[in-house]
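**Student:**
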Amino acid sequence: MSDPTMGAPVLLEMTVAGALILVSGLCVLCSYRVIRGPTVPDRVVALDTIATNVVAIAVLFALLTGRGLFVTVSLVLAIIGFIATVSVAKFVTEGEVIE
Amino acid sequence: MTTVIMRTTARAVVPIILVVALSLFVEGHNLPGGGFIAGVLTTTAFALLYIAFGLDFLERGVLGRDIEPGKTPSRDRVVIAYRRVFSFGLAISVASGLVPLLFDLPFLSQTYVEFENVPLYGHLELASALAFDFGVYCVVVGGLLTILSVVGAE
Numbered sequence: 001m002s003d004p005t006m007g008a009p010v011l012l013e014m015t016v017a018g019a020l021i022l023v024s025g026l027c028v029l030c031s032y033r034v035i036r037g038p039t040v041p042d043r044v045v046a047l048d049t050i051a052t053n054v055v056a057i058a059v060l061f062a063l064l065t066g067r068g069l070f071v072t073v074s075l076v077l078a079i080i081g082f083i084a085t086v087s088v089a090k091f092v093t094e095g096e097v098i099e
Numbered sequence: 001m002t003t004v005i006m007r008t009t010a011r012a013v014v015p016i017i018l019v020v021a022l023s024l025f026v027e028g029h030n031l032p033g034g035g036f037i038a039g040v041l042t043t044t045a046f047a048l049l050y051i052a053f054g055l056d057f058l059e060r061g062v063l064g065r066d067i068e069p070g071k072t073p074s075r076d077r078v079v080i081a082y083r084r085v086f087s088f089g090l091a092i093s094v095a096s097g098l099v100p101l102l103f104d105l106p107f108l109s110q111t112y113v114e115f116e117n118v119p120l121y122g123h124l125e126l127a128s129a130l131a132f133d134f135g136v137y138c139v140v141v142g143g144l145l146t147i148l149s150v151v152g153a154e
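Chains as they are written, first to last, in the working numbering: chain A, 1 to 99; chain B, 1 to 154.
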């Protein structure tokens, strides 16, 4: 960590805290689309966005606390979210996941 | 059939997933990670291959074997190999738990050795829990891939 008198870490901390609040609010807004979404693709896209937001929350939390293990968490979550989105997209378009 | 975009993405992403799984497996004894999550990530890499290239790709495209027509995919030799990996991992886990009993220690006791001046690493810590983790890894990979290929063929 750098010198606390420089002021930059305070600014960084405030920015990260603000970004955390913003991303959490976005998760709540996306959950509205998950519940009310008229069609299945709406819900799928909303769930994928929530997964991406959780990845962002993990990275921001790693920045805030300085713990590197949350970056690993975000990496694994991103991989799982990608696989889930691909398989659901294939199920919606073709009707089966594995041929 | 999947699109070119999907197949190209799968070619790029599968090695990345395998490297992440390997790193999680290796650091498992003193950081978050370990055999289970490494096995799950390896299974997702295989799942991505199955989704992008179809169920026959591992048997025909990678191993270069011909598939007998009319045979159900659950009788493939790949699936039999998955089942063998499952039983192999179970045997490794039980054996690594039983080894401390030979030294008059409780069941599943673990220890570690440290190496100095290892090339590329410098300081290397080798835990005996790695053997148990490897067994868990094999059980997870074998079990999940058996489920995936047999259920995916239905």
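Just so you know, even glycine gets a beta-carbon here, dropped at the ideal spot from N, CA and C.
With which residues is Gly122 of chain B paired in a DSSP beta bridge?
**Tutor:** For this step, residue 122 of chain B is matched to residue 122 along the second sequence. Looking at the DSSP assignment, Gly122 of chain B forms a beta bridge with B:Val118.
**Student:** Within 10 angstroms of the Cβ of Val140 of chain B, are there 16 or more other Cβ atoms? Answer buried if so, exposed if not.
**Tutor:** For the purposes of this step, residue 140 of chain B is taken as the residue at position 140 of the second sequence. So Val140 of chain B counts as buried.
**Student:** Quick one, which of A:Ala62, A:Val54 and A:Gly37 has its alpha-carbon nearest Leu26 of chain A's?
**Tutor:** Here residue 26 of chain A is taken as the residue at index 26 of the first sequence, counted from 1. Ranking A:Ala62, A:Val54 and A:Gly37 by Cα distance to Leu26 of chain A puts A:Val54 first.
**Student:** Under DSSP, the alpha helix (DSSP H) around Asp56 of chain B begins and ends at which residues?
**Tutor:** Start at 1 with the first residue of the second sequence, and residue 56 of chain B comes out as number 56. Where Asp56 of chain B is concerned, there is no enclosing alpha helix (DSSP H), given that its DSSP letter is neither H nor E.
**Student:** Between the Cα of Thr52 of chain A and those of A:Val23, A:Gly68 and A:Arg33, spot the shortest distance and give me the residue it belongs to.
**Tutor:** Within the first sequence, numbered from 1, the residue matching residue 52 of chain A stands at position 52. Checked all of A:Val23, A:Gly68 and A:Arg33; the closest Cα to Thr52 of chain A is A:Val23.
**Student:** Sort out for me which residues DSSP pairs Tyr82 of chain B with in a bridge.
**Tutor:** Position 82 of the second sequence, counted from the start, is the residue given in the question as residue 82 of chain B. Its beta-bridge partners do not exist; DSSP assigns none.
**Student:** On a CA-only basis, which of B:Ile92, B:Tyr50, B:Phe36 and B:Gly33 is nearest Arg7 of chain B? Give me that one, please.
**Tutor:** Residue 7 of chain B sits at position 7 when you count from the first residue of the second sequence. Nearest C-alpha to Arg7 of chain B: B:Tyr50.
**Student:** Give a yes or no on whether the minimum CB-CB distance between Gly20 of chain B and chain A is below 8 Å.
**Tutor:** Residue mapping note: residue 20 of chain B aligns to position 20 of the second sequence, counting from 1. In the sequence as presented, Gly is not what sits at residue 20 of chain B; that position holds Val. Judged by the 8 Å Cβ criterion, Val20 of chain B is in contact with chain A.
**Student:** Using C-beta distances below 6 Å, list every residue in its chain close to Leu18 of chain B, excluding the 5 sequence neighbours before and after it, in chain order.
**Tutor:** For this step, residue 18 of chain B is matched to residue 18 along the second sequence. Answer for Leu18 of chain B: Ala45, listed in chain order.
**Student:** Near Glu99 of chain A, which residues of its chain fall below 8 Å by C-beta distance, leaving aside the five closest residues on each side in sequence?
**Tutor:** Within the first sequence, the letter at position 99 stands for residue 99 of chain A. Once the five neighbours on either side are set aside, Glu99 of chain A has no close Cβ partner at all.
**Student:** What did DSSP end up calling Val97 of chain A once you bin it into helix, strand or coil?
**Tutor:** Position 97 of the first sequence, counted from the start, is the residue given in the question as residue 97 of chain A. Under the three-state reduction of DSSP output, Val97 of chain A falls in the coil class, being neither helix nor strand.
**Student:** With a threshold of 8 Å between beta-carbons, can Ser74 of chain A be considered close to chain B, or not?
**Tutor:** As a working mapping, residue 74 of chain A is identified with position 74 in the first sequence. For Ser74 of chain A, the answer is no, since every Cβ of chain B falls outside 8 Å of its Cβ.
**Student:** Just mark Pro4 of chain A as buried or exposed, buried being the case when its beta carbon has 16 or more other beta carbons within 10 Å.
**Tutor:** Along the first sequence, one-based indexing puts residue 4 of chain A at 4. Residue placement at Pro4 of chain A cannot be trusted, given a pLDDT of 49 that sits under 50; what the coordinates show is reported in the next sentence. When all chains shown are included, Pro4 of chain A counts as exposed.
**Student:** For Ala47 of chain B, which residues in chain A fall below 7 Å Cβ to Cβ?
**Tutor:** Within the second sequence, residue 47 of chain B is the residue found at index 47, counting from 1. Correct list: Ile83.
**Student:** Kindly indicate which three-state DSSP category Ala127 of chain B falls into: helix, strand or coil?
**Tutor:** If you number the second sequence from 1, residue 127 of chain B lands on position 127. Correct three-state label for Ala127 of chain B: strand.
**Student:** Rounded to the nearest angstrom, what separates Phe82 of chain A and Leu105 of chain B at their Cα positions?
**Tutor:** Locating residue 82 of chain A in the first sequence gives position 82, where the first residue counts as 1. Locating residue 105 of chain B in the second sequence gives position 105, where the first residue counts as 1. Per the coordinates, the alpha-carbon of Phe82 of chain A lies some 45 Å from the alpha-carbon of Leu105 of chain B.
**Student:** Among B:Val13, B:Thr9, B:Ala153 and B:Thr146, which residue has its Cα nearest to the Cα of Phe86 of chain B?
**Tutor:** The residue you call residue 86 of chain B lines up with position 86 of the second sequence. That would be B:Thr146, whose Cα lies nearest to the Cα of Phe86 of chain B.
**Student:** Give the straight-line distance between the Cα atoms of Ser31 of chain A and Ala84 of chain A, rounded to the nearest whole angstrom.
**Tutor:** Residue mapping note: residue 31 of chain A aligns to position 31 of the first sequence, counting from 1. Residue mapping note: residue 84 of chain A aligns to position 84 of the first sequence, counting from 1. Going by the C-alpha atoms only, they are around 17 Å apart.
**Student:** Between the Cα of Leu98 of chain B and those of B:Ala131, B:Gly61, B:Val13 and B:Leu31, spot the shortest distance and give me the residue it belongs to.
**Tutor:** As a working note, residue 98 of chain B is residue 98 in the second sequence. The alpha carbon of Leu98 of chain B has as its nearest neighbour, out of B:Ala131, B:Gly61, B:Val13 and B:Leu31, the alpha carbon of B:Ala131.
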